[in-house]
Structure formats: C-alpha cells, structure tokens
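In our numbering, the protein residues as written are 8 to 180.
In structure tokens:
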C-alpha cells in the first residue's frame, strides 16, 4: 500500500499545501490517513475525497453541504480516526460542541452504513438478475445446439440420396 505525504497529496489533487491541510482539518473523518512514527501519511483513497471536496468548493458549496455530499457519496469513514477525533475533542474541553460533533459523527456513520447496505443489496439483486439471464441464455444455447444436431441428422440422408442420384445420372449418360 502506497502512502502519500501532504506535499504529494497536494500535488496530485492540484491545490496548494495549505489548502489541502485546511480541507483535511475540516473534513477529517473522510480523509483516510495513518501515522507512522511522528509523521502523518495519507492513503490513496484520500485523493478521491479531496478531489470531490475541490469540486464542491469550486461550485461554491459551504462546509455543511460538502459534509452532506460526502456522506451521500458513501466515502468510507475511518473508525480509528473518528475515535481519535472524538477523544481529542473531549480532551479540548468544549463539551457541548463535542457532544454535537459526536452525535453528528455517529449520525453520519449510521447513514453511511445504511447507504452501503442499500448498495450491497442493489448489487446482490443485480447479480441475481444477471445470473438468471445467463442461465436463460445457457438454456437457449443448449436448445439451439440440439436443433442444429437434429437438422444435421435430417440433412445427411438427403445429401446421400442426391449424391447417389448424381452418380447414377453420370453413369448412364
């Protein structure tokens, strides 16, 4: 798995480093990251998230709208970082805001899970539909093979008769 630095991520997304840093802070729970030793690195999935945020920012969406769109798009929320974010918020002290943040995080997580369950069900239904179509096509192919074999069998005696007829006709000319 290839990890990206903040500079690398900024370069790929095409925005300045300070902008990328700001977006990562604002939409922390959606940006997949990991810490190795004392440095923070970002997973390749962060590229898609930040490109989506960039698109939304250029379309003049505010932070709340972007968060809703991120939740609707079913970008995965990393549980480890969410727990760390909640713990950090509690450690900082403003409990009313922290509780609101926790509730929003839980709500988004539940919403995300529900969306993913719906997606899975839709994919399973589509897979079952396609399997049924494939089975029908397979049956149709088998029927056609049987018809071809029957036709070959029916044509064979006629061909032999014509060959014999032509042979006799040539003999008596």
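No residue lacks a Cβ here, since even glycine has one placed at the ideal position from N, Cα and C.
- Per the C-alpha coordinates, the member of 154, 29, 138 and 80 positioned closest to residue 122 is 80.
- A direct Cα-Cα distance of roughly 43 Å separates residue 127 from residue 156.
- Per DSSP, reduced to three states, the secondary structure at residue 11 is strand.
- Taken atom to atom, the span from the alpha-carbon of residue 51 to that of residue 153 is near 53 Å.
- Under the three-state reduction of DSSP output, residue 66 falls in the coil class, being neither helix nor strand.
- Annotation for residue 48: 10, 11, 12, 40, 41 and 42 place their beta carbon closer than 8 Å to its own, counting only its chain and skipping 5 residues before and after.
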